[in-house]
Amino acid sequence: MSRHLRFIARTVMVQDGNVDAAYKTLNRVLTQDGIIDTVKRKRYFEKPCRERQRKNFENCKRIYHMEMARKIAFISRTNREDPWLGC
Amino acid sequence: MINFRCILFNSVSAVCRQLVPALSATGTLSRCGSRGLPLHRTLFSSAARLQEAEATAGKDFSYFPPLPGQDSALRWGGKKFEELPIVQIKATYNNTHIQLSDSAGQSLVRTSCGTEGFKNIKKSTPIAAQTAGISAAGKATAKGVTFVRVVVKGLGPGRLSAIKGLTMGGLEVVSITDNTPVPHNGCRPRKARRM
Chain A
648 MSRHLRFIAR TVMVQDGNVD AAYKTLNRVL TQDGIIDTVK RKRYFEKPCR
698 ERQRKNFENC KRIYHMEMAR KIAFISRTNR EDPWLGC
Chain B
407 MINFRCILFN SVSAVCRQLV PALSATGTLS RCGSRGLPLH RTLFSSAARL
457 QEAEATAGKD FSYFPPLPGQ DSALRWGGKK FEELPIVQIK ATYNNTHIQL
507 SDSAGQSLVR TSCGTEGFKN IKKSTPIAAQ TAGISAAGKA TAKGVTFVRV
557 VVKGLGPGRL SAIKGLTMGG LEVVSITDNT PVPHNGCRPR KARRM
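As given, the protein sequences belong to chains A and B, one line each in that order. For the first sequence, the working numbering gives the first residue as 648, with consecutive numbering after it. For the second sequence, the working numbering gives the first residue as 407, with consecutive numbering after it.
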């Protein structure tokens, strides 16, 4: 019936009866793997033109965020050795 | 701005000057509480507490389940992981179904929000899922089930509260698996809603 072995993928063990923490871990793993996103998106059909627009938008957003993070990391390098020492 | 930084620096240096002689002189760590009362704790007891924490944390707990091929020493109620009964929770957007079956696949308990007396929109609430979980756990303990593995399917409102209901009803959850069906572009879903 199922083509994959069960209880291997997408499984989280519960430590000391802490079900909430285990569910949070599972949720985090699923979000990082993009499964929650995919399931929400596939609930209704997404037309190919809308899909291309969304992919383009996500690409642009990713580039913007990476560049902004680089800029912030560059600007916040305050404690470093004096680059103009000896001048 | 500059005055604030000066004050902070002075206070931090004052605290450091307080701590350093205390450490070096007597070997005890004295920490001043917020009301100014000194709390004396010996270095030895804090070190012992740290060791305890490390020992319990490094107790070979892994988030991965024991695979059928491996020989792991973990047992729950004398049963191996593969022999524990399975609770399948199907959390749709309108309802939540809970079915308990043993490891072979024989169904033991079946409850849902509808069987608990909820109707229509009240079935698609987390409270209804919790009630269903509690009743399922009650019926399961009557049949002698204690430890259970949970398989969740679907992203509905009752996804977490059904598991909560199971624990509230007295069952011990050992692991949580997510079996939400993800098509690799199979059947075409219904058209997008325009609201």
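Cβ coordinates follow ideal geometry from the N, Cα and C atoms, glycine included. Quick caveat: nothing in here was measured; it's all calculated off a predicted structure.
Alpha carbon to alpha carbon, what distance is there between residue j and residue i?
i: residue 503 (chain B); j: residue 697 (chain A); result: 34 Å
i: residue 469 (chain B); j: residue 481 (chain B); result: 16 Å
i: residue 555 (chain B); j: residue 597 (chain B); result: 36 Å
i: residue 539 (chain B); j: residue 705 (chain A); result: 39 Å
i: residue 500 (chain B); j: residue 709 (chain A); result: 35 Å
Compare the C-beta of residue i with all C-beta atoms of chain B and state if any pair is closer than 8 Å.
i: residue 685 (chain A); result: yes
i: residue 700 (chain A); result: no
i: residue 592 (chain A); result: Coverage of chain A is limited to positions 648 through 734, which leaves residue 592 (chain A) absent and any answer about it impossible.
i: residue 722 (chain A); result: no
At least one CB of chain A closer than 8 Å to the CB of residue i: is that the case?
i: residue 573 (chain B); result: yes
i: residue 584 (chain B); result: yes
i: residue 577 (chain B); result: no
i: residue 504 (chain B); result: no
i: residue 581 (chain B); result: yes
i: residue 516 (chain B); result: no
i: residue 467 (chain B); result: yes
i: residue 532 (chain B); result: no
i: residue 569 (chain B); result: yes
i: residue 551 (chain B); result: no
i: residue 595 (chain B); result: yes
i: residue 493 (chain B); result: no
By a C-beta neighbour count over all protein chains shown, 10 Å radius and 16 as the cutoff for buried, is residue i buried or exposed?
i: residue 443 (chain B); result: In this predicted model, residue 443 (chain B) has a pLDDT of only 47, less than 50, meaning its place in the structure is not dependable enough to derive any value.
i: residue 564 (chain B); result: buried
i: residue 714 (chain A); result: exposed
i: residue 726 (chain A); result: exposed
i: residue 478 (chain B); result: exposed
i: residue 707 (chain A); result: exposed
i: residue 566 (chain B); result: buried
i: residue 665 (chain A); result: exposed
Is residue i helix, strand or coil when you go by DSSP?
i: residue 705 (chain A); result: helix
i: residue 715 (chain A); result: helix
i: residue 510 (chain B); result: coil
i: residue 584 (chain B); result: strand
i: residue 528 (chain B); result: helix
i: residue 485 (chain B); result: strand
i: residue 518 (chain B); result: strand
Look up residue i in the DSSP assignment and give the residues it is bridged to.
i: residue 495 (chain B); result: B:504, B:558
i: residue 553 (chain B); result: B:578
Under 8 Å between C-beta atoms, does residue i make it to chain E?
i: residue 563 (chain B); result: Protein chains A and B are contained in the structure displayed, whereas chain E is not.
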